[in-house]
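Engineer: This is the structure I have questions about; it appears just below.
In our numbering, the protein residues as written are 56 to 185.
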């Protein structure tokens, strides 16, 4: 059964009203101090496609352009919701955040809890480490 002209007009008018929310960079700059607020602001961008994250080469020992790390909408919702198990992308994101935080605050020893082997001398035995 073909649609009437009125029905087609109604359907097309609905599409015009619904548009993607605008993400203002000023809002992102305002949320710089709060990572969760920043994440909530960029959620509309994540609906369209995953976003590639950039990191310092010191975080994983490789350049971010060589090994891309993407965060998708389901990953972001896991971070915000907090009601399901963490996947590797979220763990990597947390490691990047902790590294950035410890370097910015000039407390590089804080990073040792992520890689405890990096704060031990290579010749230490198991007894000496404890």
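All C-beta atoms, glycine included, are put in the ideal place defined by N, C-alpha and C.
Please read all numbers here as calculations on a predicted model, not as lab measurements.
With 16 as the cutoff for other CB atoms within 10 Å, does residue 71 come out buried or exposed?
Structural biologist: Confidence at residue 71 is low in this model, with a pLDDT of 46, below 50, so the placement of that residue should be treated as unreliable; the coordinate-derived value is given next. Label assigned to residue 71: exposed.
Engineer: My output table needs one value for residue 109: the three-state DSSP class, helix, strand or coil.
Structural biologist: Three-state DSSP puts residue 109 in coil, outside helix and strand.
Engineer: Would you decide whether residue 110 is buried or exposed? Buried here means 16 or more other CB atoms lie within 10 Å of its CB.
Structural biologist: Burial call: buried.
Engineer: If you draw a straight line from the C-alpha of residue 133 to the C-alpha of residue 107, how long is it?
Structural biologist: Those two C-alpha atoms are separated by around 17 angstroms.
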